[in-house]
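One structure below.
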Ligand SMILES: [Zn+2]
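In the working numbering, the protein residues as written are 6 to 68.
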């Protein structure tokens with residue numbers, strides 16, 4: 006993924022994917038308005054808005 010090469014400094018959010026019971030990371034989008042990513046197992050899309058309670062905690066539960 007070229008996204009990983011130039012995003013070393015990009016902020017990420019640790020997230021627990023309840024759908025598959027796996028831990029993963031989701032990264033900030035270009036605009037910096039949300040963390041977006043996918044479950045590593047089932048590729049379910051996850052999105053956490055920046056500025057909500059999700060950003061103050063490193064750990065977020067996707068449901
Ligand atoms: Zn999943």
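We treat Cβ as the ideally placed atom computed from N, Cα and C, and that holds for glycine.
Per DSSP, what kind of secondary structure is residue 37 in: helix, strand or coil?
-> In the chain shown, counting from the first residue as 1, residue 37 sits at position 32. Coil.
Counting by C-beta, which residues lie closer than 6 Å to a heavy atom of ligand 1, in chain order?
-> Those residues that have a beta carbon less than 6 Å away from any non-hydrogen atom of ligand 1 are, in order along the chain, 22, 24, 25, 44, 46, 47, 49.
Return the bridge partner residues of residue 18 from the DSSP annotation.
-> In the chain shown, the residue the question calls residue 18 occupies position 13. Bridge pairing for residue 18: 31 [DSSP].
Beta-carbon spacing of residue 41, residue 52 below 8 Å | What you label residue 41 is simply residue 36 of the chain shown in a count that begins at 1. What you label residue 52 is simply residue 47 of the chain shown in a count that begins at 1. Against a cut-off of 8 Å, the Cβ pair of residue 52 and residue 41 comes out as a contact.
Spatial neighbours of residue 49 within its chain, please: CB distance less than 6 Å, with the 5 preceding and 5 following residues excluded, ordered by chain position.
-> Walking along the chain shown from the start, residue 49 turns up at place 44. Same-chain partners within the cutoff: 24.
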